[in-house]
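Accompanying notes for the structure given below.
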């Protein structure tokens, strides 16, 4: 099969050859549902481009020019031949059309997947200024919805390539709260320092909640337990231990990072859903006690909710300037 040729500039002096187009993008294991994974190798794609446009828009190609294009070799009527691999054909075509001023047929709307692919190209070829306006245009529609799972990482990569302080902080906050597994970059242009900080905070707060539950048990076992009676205190301890064991968050199951399979939000849901003893029956003989408030005071939820929510509310996300210094 003949290679496909896109003549971005019919008089262009540069040939870009894209090998293995449309390779899997931001792919990992089955935790994520990845769209667009190829079943077979596709033929190479070729693009006729202008070296002048490329060097004006891209720091990557500007460096090649400064080096007299020594990394390239002439071919046919092309002065320069540049090779690339694995990029998404559609995303690369959109970026090259913008660089060459061919914007009339560009899409007015863009899905997050394609925009993330374009941003990966922008990061690699260092052409932020040329794409900035279109990134803002497309994001205006994309950001009308919320993000979960893999889409959080895709959107975070966009916020890293085109720095967005508010979006970066909100996205990192969501990742810390929602991630059930160690967070990975998936090959996206997200600094490793950001990934490390996300995992550190996720593990810290999960550990703090688990430790807090253990401390509740320890405190209630002491002579200064806060419950209204021995029976009440014993029921509380037993119910909490059984709840943690059933949810597989006891020390037997969840003693060390990375706490695979658990997120802060899933912990909150499962802990506040622990089965409760019949407190009214347990506390009924203590209603006249000085230490008795009400049966609701003795519940697991009443004690664990402030603990869990207190830690979750401390998660505010990462501060962009601590990790990304470039601006566009």
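Residue numbers (UniProt numbering): 1 to 328.
The beta carbon of each residue, even a glycine, is placed where N, CA and C say it ideally should be.
CA-to-CA distance, residue j to residue i, given in whole angstroms
i, j, result
"residue 47", "residue 199", "41 Å"
"residue 55", "residue 194", "31 Å"
"residue 231", "residue 153", "49 Å"
"residue 123", "residue 242", "50 Å"
"residue 147", "residue 172", "11 Å"
"residue 145", "residue 234", "47 Å"
"residue 274", "residue 140", "42 Å"
"residue 73", "residue 109", "37 Å"
"residue 229", "residue 217", "15 Å"
"residue 90", "residue 184", "25 Å"
"residue 222", "residue 155", "49 Å"
"residue 174", "residue 324", "19 Å"
"residue 69", "residue 43", "26 Å"
Helix, strand or coil at residue i according to DSSP, with G and I counted as helix
i, result
"residue 85", "strand"
"residue 46", "strand"
"residue 7", "strand"
"residue 75", "strand"
"residue 80", "strand"
"residue 315", "coil"
"residue 68", "coil"
"residue 333", "Outside the shown range of the chain, which is 1 to 328, sits residue 333, and nothing can be said about it."
"residue 172", "helix"
"residue 260", "coil"
Element boundaries [alpha helix (DSSP H), containing residue i]
i, result
"residue 53", "51 to 57"
"residue 306", "300 to 312"
"residue 275", "Where residue 275 is concerned, there is no enclosing alpha helix (DSSP H), given that its DSSP letter is neither H nor E."
"residue 194", "192 to 221"
"residue 151", "150 to 161"
Residue range of the beta strand (DSSP E) that includes residue i
i, result
"residue 129", "Premise fails: residue 129 lies in the alpha helix (DSSP H), 128 to 142, not in any beta strand (DSSP E)."
"residue 14", "14 to 19"
Would the segment 59 to 73 and the segment 20 to 27 be scored as touching if the rule is three or more Cβ pairs under 8 Å? Too few Cβ pairs lie closer than 8 Å, so no.
Is the segment 202 to 209 touching the segment 119 to 137, taking contact as three or more C-beta pairs under 8 Å? no
Is it a yes or a no for the segment 108 to 127 touching the segment 156 to 164, going by three-plus beta-carbon pairs under 8 Å? yes
So, does the segment 257 to 274 touch the segment 308 to 320, judging by three or more C-beta pairs under 8 Å? yes
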